[in-house]
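Before any comments, here is the structure.
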Ligand SMILES: NC(=O)c1ccc[n+]([C@@H]2O[C@H](COP(=O)([O-])OP(=O)(O)OC[C@H]3O[C@@H](n4cnc5c(N)ncnc54)[C@H](OP(=O)(O)O)[C@@H]3O)[C@@H](O)[C@H]2O)c1
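Numbering (the working numbering), first residue to last: 37 to 272.
Below, the structure is given as structure tokens:
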């Protein structure tokens with residue numbers, strides 16, 4: 037299993053729990069010191085490579101390098117994401133969210149898809165969000181970036197079904213989970229302990245589910261949002 041964005045929060049916990057369960061895990065991120073510390077902690081079943089998903093060609097090259105080092109890949113978890121960015125302007129911040137959450141995702145999804153197509157099987161897990169289900173005034177680029185990746189994964193799932201490709205695509209939609217991303221944020225509820233959320237996520241990955249809501253109670257929220265008329269969502 038390769039986790040793109042394994043240096044903190046959900047990705048770091050997933051790396052730890054997966055190694056404990058016996059997986060060979062590869063982790064990436066920009067903060068190499070965090071990856072080195074994980075290597076110290078997890079030992080020979082953890083591999084890593086530095087990666088900035090906005091540097092497309094380098095990121096794809098590094099993914100292939102990591103796959104070779106590990107002797108293969110069966111699952112990739114596209115987890116890297118940001119909800120905020122310090123920039124000189126709002127448009128600069130919004131562009132960076134799109135660069136990481138959308139463009140970075142698409143580039144690595146494409147590379148992994150081609151790899152699995154050649155291999156004849158594989159699983160791509162994309163970490164979206166409950167926020168993908170509606171536009172949020174407080175997080176316009178973030179919620180729409182997650183809507184993009186969920187719709188993108190659905191389209192590829194259809195393509196795999198039509199073309200009889202043995203590639204599973206799992207769309208993970210967390211609610212609120214403790215991590216650096218949510219640290220100090222106001223207005224959150226049902227904030228899940230990272231380990232609990234990640235354990236549920238891994239169970240759904242192993243069951244090869246198409247959709248995973250973590251923690252489980254967020255399925256109810258997703259269902260309510262889908263039933264809510266747009267004129268109500270427009271006034272939230
Ligand atoms: N926490 C929540 O409540 C929540 C809810 C819904 C969805 N999510 C999603 O879950 C995923 C993980 O978030 P988290 O909550 O665990 O936040 P986090 O602790 O901030 O982790 C984000 C991860 O993304 C990586 N990343 C960010 N920018 C990157 C870049 N340019 N290149 C490569 N890697 C990059 C970070 O690594 P480096 O900084 O080392 O590069 C880090 O490993 C995100 O996609 C997020 O949108 C989180």
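Here a beta-carbon is modelled for each residue, glycine too, at the ideal position from N, C-alpha and C.
Quantities reported herein were computed from a predicted structural model and do not represent experimental measurements.
Query, Result
"One or two residues paired with residue 86 in a DSSP bridge", "65"
"Proximity of residue 61 and residue 42 at Cβ, strictly below 9 Å", "yes"
"Minimum C-alpha distance to residue 231 - residue among 212, 224, 80, 244", "212"
"Cβ contact check for the stretch 202-221 and the stretch 247-254: 3 or more pairs under 8 Å", "yes"
"Cβ neighbour criterion (16 or more within 10 Å) applied to residue 113", "buried"
"Residue 120 versus residue 91: straight-line alpha-carbon distance, rounded", "19 Å"
"For residue 188, the nearest candidate out of 166, 150, 141 (CA to CA)", "141"
"Beta strand (DSSP E) segment containing residue 241, residue limits", "Taken as a continuous stretch (DSSP letters only), residue 241 belongs to no beta strand (DSSP E), being part of the alpha helix (DSSP H) at 230-242."
"Own chain residues within Cβ distance below 8 Å of residue 176, not counting five before or after", "130"
"Range of the contiguous beta strand (DSSP E) that encloses residue 44", "Here residue 44 belongs to no beta strand (DSSP E), and DSSP marks it neither H nor E."
"Stretch pair the stretch 163-170 + the stretch 253-262: three plus CB contacts closer than 8 Å", "yes"
"4-residue-minimum alpha helix (DSSP H) runs that sit fully inside the stretch 94-148, ordered along the chain", "126-134"
"Close Cβ partners of residue 153 (< 8 Å) along its chain, the five nearest in sequence each way excluded", "201, 203"
"Nearest-angstrom beta carbon gap, residue 239 and residue 159 [assumed within contact, 8 Å]", "14 Å between Cβ atoms; not a contact."
"Near ligand 1: residue 5 beta-carbon under 8 Å from a heavy atom", "Outside the displayed range of the chain (37 to 272) lies residue 5, so it cannot be described from this structure."
"Endpoints, beta strand (DSSP E) assigned at residue 248", "247-250"
"Of the listed residues 146, 215, 224, 235, nearest to residue 192 (C-alpha basis)", "146"
"Residue 43: CB within 8 Å of a non-hydrogen atom of ligand 1", "yes"
"Through-space distance from residue 118 to residue 44, alpha-carbon basis", "12 Å"
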